[in-house]
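So the numbering used here is basically just the index in the sequence shown, starting at one, shifted up by 117.
By construction, the Cβ of each residue, glycine as well, lies at the ideal position given by its N, Cα and C atoms.
Keep in mind the model is a prediction, meaning the values are calculated, not measured.
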Amino acid sequence: MPPLTGLQREVLSLYRRCLRACRLKPPTTRPNFESFTRREFARNLKAVDKKDFGTIEFMLRKGNRQLGVYEQRGVRDIAGGGGRAIPDDKHGSRRLSPR
Numbered sequence: 118m119p120p121l122t123g124l125q126r127e128v129l130s131l132y133r134r135c136l137r138a139c140r141l142k143p144p145t146t147r148p149n150f151e152s153f154t155r156r157e158f159a160r161n162l163k164a165v166d167k168k169d170f171g172t173i174e175f176m177l178r179k180g181n182r183q184l185g186v187y188e189q190r191g192v193r194d195i196a197g198g199g200g201r202a203i204p205d206d207k208h209g210s211r212r213l214s215p216r
């Protein structure tokens with residue numbers, strides 16, 4: 118197998134960081150984060166041409182921003198395909214729901 122390119126290493130690194138961030142979530146909602154992560158990466162793998170470097174770089178930036186939101190302590194759950202953060206009125210924390 119040929120060595121990975123720089124972009125391939127960045128994508129793999131983001132994927133690993135996302136899965137590690139899932140481990141910091143409550144055990145009851147951890148599967149939601151893991152399945153969301155796997156589903157998003159699989160969807161984008163099929164949707165983006167491997168030679169479309171501009172799109173891949175854009176998606177890496179977007180993924181890093183999303184990871185920053187999902188890593189916040191107040192985000193305890195994720196729901197739906199888009200997964201957007203909204204305040205949880207009951208505890209003043211954040212929960213993710215579809216757009």
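Given 8 angstroms, three or more beta-carbon pairs between the segment 121-135 and the segment 161-180
Using a C-beta cut-off of 8 angstroms, the segment 121-135 makes contact with the segment 161-180, since at least three inter-stretch Cβ pairs fall below that distance.
Limits of the alpha helix (DSSP H) - the one that Ile173 falls within
From DSSP, the alpha helix (DSSP H) with Ile173 extends over 170-187.
Count the other C-beta atoms from every protein chain shown that fall within 10 angstroms of the C-beta of Gly180, then say buried if there are 16 or more, exposed otherwise.
With 16 or more Cβ atoms within 10 Å of its Cβ, Gly180 is classed as buried.
Indicate the three-state DSSP secondary structure (helix, strand or coil) for Val165 in the structure shown.
It is coil, neither helix nor strand.
Specify, as a first and last residue, the run of the alpha helix (DSSP H) that Arg134 falls within.
Start and end: 123-139.
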